[in-house]
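Engineer: These protein sequence lines are chains A and B, in that order. Residues 7 to 123 in my numbering are what the first sequence spells out, letter by letter. Residues 1264 to 1411 in my numbering are what the second sequence spells out, letter by letter. Where is the CB? At the ideal position from N, CA and C, for every residue including glycine. My questions all concern the structure below.
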Amino acid sequence: MTPEIDVLDSTLVARLQGELDMQVTDALRSALDQALNASGAKNMLFDLRLVSFIDSSGLGVILGRYRRIADKGGRLAFVNVEPPVRRVLELSGVLRISTEFQDEQQAIADLAQGGLA
Amino acid sequence: MEFDNFLRIEFFSRPENVGLARVTLAAFAAQLDYTITEIDDLKGAVSEAVSNAIIHGYGNDPDHVVKIVAYLREGELEIVVEDRGYGIPNIDEALRPGVSTVPERLGLGFSFIKSFVDRLEIISDPGKGTRVIMFKRPGSQSSDARTN
Ligand SMILES: Nc1ncnc2c1ncn2[C@@H]1O[C@H](COP(=O)(O)OP(=O)(O)O)[C@@H](O)[C@H]1O
Ligand SMILES: [Mg+2]
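Here it is in structure tokens:
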């Protein structure tokens, strides 16, 4: 699993991979929390290109981290959402509280401007 | 014969077995003419039900048994996910979207299952365990019905 995490222009960029179910939630949660604590990043961008599956356990970790940044006006964004994952994001309503971008650069530039979602 | 084929698996209530259950059931389901999206939906439904058995049924204790039985019957797949754990005291409450008895869980598992399959039945006996029964037929409209 081990997500690849960068912080660019106050946005935490997490490139996740594999199947995001209850087997990986603890590791994912602590990796993201650690990166958020260390960086103080305002926004979060998830690159889901290598994620082939997500269920409500995996989604819970993402939304739990979002709750942390949302309190301070941070935004949640996604790139490369593949069909099986998109379905779950749609069903849960997550796509309504987040922004989807074409690619990482565009996302980071837009999020850095602090515009509204 | 009451059914055309069946599968029965049992495994310990451990997180690493959730993925195993998903792929095993997806392989069994491939005997019917499901689309890729429908197979993804079945994987999602199995993942939610098995995770619930481990997390809620057994309180994450890894040494209990989760059982899955699947039947192919006249072109329809029935999947039964069973635990002998705590049980669900109030099924109506458990089915409400956004309601979880565990902090930081979304309470969306049963809502997802309802969207992923044609029909969901829950039989539970507090103190004895829970049986989650899911039905899905290829080409049925459930995969597009995204309400409730
Ligand atoms: N197998 C089970 N045994 C006992 N309780 C269960 C079981 N499955 C579900 N539940 C109860 O139903 C609630 C809702 O389940 P679900 O919709 O999957 O949400 P979540 O797993 O996020 O809590 C759970 O919080 C739990 O209280
Ligand atoms: Mg659940």
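Return yes when the C-beta of G1282/B is under 7 Å from any heavy atom of ligand 2, and no when it is not.
Structural biologist: no
Engineer: Given a limit of 8 Å on CB to CB distance, which residues of the region 84-98 of chain A reach chain B?
Structural biologist: Taking 8 Å as the Cβ-Cβ cut-off against chain B, the residues of the region 84-98 of chain A that qualify are P89, P90, R93, V94, E96, L97, S98.
Engineer: For Q119/A, does the count of other Cβ atoms within 10 angstroms reach 16, so buried, or fall short, so exposed?
Structural biologist: exposed
Engineer: What separation, rounded to the nearest whole angstrom, lies between the Cα atoms of R93/A and V100/A?
Structural biologist: Spanning the alpha carbons of R93/A and V100/A requires a straight line of approximately 10 Å.
Engineer: Threshold first: 4 residues or longer. Then list the alpha helix (DSSP H) segments lying entirely within the region 1291-1354 of chain B, N to C.
Structural biologist: 1299-1315
Engineer: Below 8 Å on the Cβ atoms is my guess for A1316/B versus L1288/B; work out the distance and round it to an integer in Å.
Structural biologist: That belief does not hold up - the Cβ atoms of A1316/B and L1288/B are roughly 14 Å apart, past 8 Å.
Engineer: Using DSSP bridges, identify the partner residues of T1393/B.
Structural biologist: D1346/B, S1387/B
Engineer: Are the CB atoms of Y1349/B and G1307/B nearer to each other than 8 Å?
Structural biologist: no
Engineer: Along chain A, which residues have their Cβ under 7 Å away from the Cβ of G1372/B?
Structural biologist: S62
Engineer: Work out the CA separation of V87/A and R112/A for me, nearest whole Å.
Structural biologist: Contrary to the premise, residue 112/A reads as Gln rather than Arg in this sequence. Rounded to the nearest angstrom, the two C-alpha atoms are 15 Å apart.
Engineer: Count the other CB atoms within 10 Å of the CB of R1409/B; is the residue buried (16 or more) or exposed (fewer)?
Structural biologist: Reliability fails at R1409/B, whose pLDDT of 40 lies under 50, so the model's placement of it is uncertain and no value is given.
Engineer: Does the separation of the CB atoms of L56/A and L22/A fall below 8 Å?
Structural biologist: yes
Engineer: What residues are listed by DSSP as bridge partners for R1271/B?
Structural biologist: V1332/B
Engineer: What residue from G1392/B, A1284/B, I1354/B has the CA that sits closest to L1270/B's CA?
Structural biologist: Ranking G1392/B, A1284/B, I1354/B by Cα distance to L1270/B puts A1284/B first.
Engineer: Output, in sequence order along the chain, the residues in the region 67-80 of chain A whose CB is closer than 7 Å to any CB in chain B.
Structural biologist: For the region 67-80 of chain A, residues whose beta-carbon sits nearer than 7 Å to a beta-carbon of chain B comprise L69, G70.
Engineer: Assuming L19/A contacts E106/A under a Cβ cut-off of 8 Å, what Cβ separation, rounded to an integer in Å, is found between them?
Structural biologist: The sequence given here has Val at residue 19/A, not Leu. Contact doesn't hold; Cβ gap of about 15 Å is too wide.
Engineer: If you run the structure through DSSP and keep just helix, strand and coil, what is F1266/B?
Structural biologist: coil
Engineer: Closer than 6 Å by C-beta to S1406/B: which residues in its own chain qualify, once you throw out the five before and the five after it? Chain order, please.
Structural biologist: Because the pLDDT at S1406/B is just 48, under 50, the model does not fix this residue reliably, and the point stays unresolved.
Engineer: If you follow the alpha helix (DSSP H) that T31/A is part of, which residue opens it and which one closes it?
Structural biologist: 31-45
Engineer: Could you check the C-alpha separation between V85/A and P1325/B for me, to the nearest Å?
Structural biologist: 35 Å
Engineer: Consider the Cβ of D1303/B: report whether some Cβ of chain A lies at a distance smaller than 8 Å.
Structural biologist: yes
Engineer: What does DSSP give as the partner residues of T17/A in its beta bridges?
Structural biologist: Secondary-structure assignment with DSSP links T17/A through a beta bridge to L14/A, N49/A.
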